[in-house]
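Novice: Next up is a structure, given as structure tokens.
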Amino acid sequence: MKLIHAKAIHVKTAMLAAGLLLTTGCHRQIAVDAYPPNALKVRYVSATDFTDCLLASAVMCVNYVVGQDRFEATRVRKQLADEGLDLTRVGDVRAFWADRRIKFIPLKGELTNEPPMGLAWWVVSRGYPVICVVNQEEGAPEEFNHAVVVIGVDVDDNNGAVGDVIVLDPASAKRLERWDRETFLSRWVPTGNVMLLVFDASNQAVVDAWSRSLSPTDVGLGS
Numbered sequence: 001m002k003l004i005h006a007k008a009i010h011v012k013t014a015m016l017a018a019g020l021l022l023t024t025g026c027h028r029q030i031a032v033d034a035y036p037p038n039a040l041k042v043r044y045v046s047a048t049d050f051t052d053c054l055l056a057s058a059v060m061c062v063n064y065v066v067g068q069d070r071f072e073a074t075r076v077r078k079q080l081a082d083e084g085l086d087l088t089r090v091g092d093v094r095a096f097w098a099d100r101r102i103k104f105i106p107l108k109g110e111l112t113n114e115p116p117m118g119l120a121w122w123v124v125s126r127g128y129p130v131i132c133v134v135n136q137e138e139g140a141p142e143e144f145n146h147a148v149v150v151i152g153v154d155v156d157d158n159n160g161a162v163g164d165v166i167v168l169d170p171a172s173a174k175r176l177e178r179w180d181r182e183t184f185l186s187r188w189v190p191t192g193n194v195m196l197l198v199f200d201a202s203n204q205a206v207v208d209a210w211s212r213s214l215s216p217t218d219v220g221l222g223s
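In structure tokens:
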């Protein structure tokens, strides 16, 4: 897999809405064979070129939260271009979906099962897939940002300890991968633990539930 060398990005949560850029290699791959029992059944969308990892991840999450395959990645890509939006920038992608009553909330997450910042809490306890910004490969320089969708996290029933993380990777030949805790953190921490939560803003019950879970202080972006 080839990587595109981009300017180093030092992510801060307060800057996510406008500035985060993802520019790593992403390619069309084979289908998912099976989902682990503890994984959300998110329909996989592959990226088609090196700029598509955020777009593919967004479409996966949006279609899951609206409960149907309403959006098709190729069409969304064209619509973004027609509107003069950059599909590699989180701020532009958020603006695109906001016009369609889909809300993206960027947070500096934690690999815990504790609300409201715990990645495992959102995926396991709340049942939402979460987009995480990671390094393209373990140990890669910070300038290689990439987007994956977390659909499962192993949580110990006895003590709440978080273990392996299950991801759908738009650029992976396996599509679905299981990363141990250390591997996931080695790729997530260099990006600033960035995660994007996605919900259907057209459903008032969902909006109310999210409002109870996240305060404006938690979000920190006027979301």
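Just so we're aligned: 43 in the numbering used here is position 43 of the sequence shown, and the numbers increase by one with no gaps anywhere.
No residue lacks a Cβ here, since even glycine has one placed at the ideal position from N, Cα and C.
Rounded to whole angstroms, how far is the Cβ of Pro115 from the Cβ of Val123, which I believe are closer than 8 Å?
Specialist: That belief does not hold up - the Cβ atoms of Pro115 and Val123 are roughly 12 Å apart, past 8 Å.
Novice: To the nearest angstrom, report how far apart Asp86 and Lys78 are at their CA atoms.
Specialist: The alpha-carbon atoms of Asp86 and Lys78 are separated by roughly 11 Å.
Novice: How many angstroms separate the CA atom of Ala63 from the CA atom of Phe71?
Specialist: According to the sequence as given, residue 63 is Asn; it is not Ala. Each residue's alpha carbon lies about 6 Å from the other.
Novice: Only counting the same chain, and skipping five residues up and downstream in sequence, which positions put a Cβ closer than 6 Å to that of Tyr35?
Specialist: These residues qualify, in order along the chain: Lys41.
Novice: Look up Val90 in the DSSP assignment and say whether it is helix, strand or coil.
Specialist: If DSSP states are grouped into helix, strand and coil, Val90 belongs with the helices.
Novice: Using 10 angstroms around the beta-carbon of Pro37, count the other beta-carbons present and answer buried if the total reaches 16, otherwise exposed.
Specialist: Exposed, since its Cβ has fewer than 16 Cβ neighbours within 10 Å.
Novice: Where do the ends of the alpha helix (DSSP H) carrying Leu111 lie?
Specialist: From DSSP, Leu111 is part of no alpha helix (DSSP H); its letter is neither H nor E.
Novice: How close, in whole Å, do the beta carbons of Asn113 and Thr191 come, if the pair is a contact with beta carbons under 8 Å?
Specialist: With a Cβ gap of about 21 Å, Asn113 and Thr191 do not count as contacting.
Novice: Between which two residues does the beta strand (DSSP E) carrying Arg126 extend?
Specialist: No beta strand (DSSP E) holds Arg126; DSSP gives it neither H nor E.
Novice: If distances are taken between C-alpha atoms only, which option among Gly84, Ile105, Ala173, Val165 comes closest to Trp179?
Specialist: Out of Gly84, Ile105, Ala173, Val165, Val165 has the C-alpha closest to the C-alpha of Trp179.
Novice: Please work out which residues of its chain come closer than 6 Å, Cβ to Cβ, to Gly118, disregarding the five sequence neighbours upstream and downstream, and give them in chain order.
Specialist: Excluding positions up to five away in sequence, the list reads Glu110, Thr112.
Novice: Report buried or exposed for Arg94, applying the criterion of at least 16 other Cβ atoms within 10 angstroms of its Cβ.
Specialist: By the neighbour-count rule (16 or more Cβ atoms within 10 Å), Arg94 is buried.
Novice: Starting from the C-beta of Asp154, find all residues in its chain whose C-beta is less than 6 Å away, skip the five residues before and the five after it, and write them out in chain order.
Specialist: Cβ within range, chain order: Gly163, Asp164.
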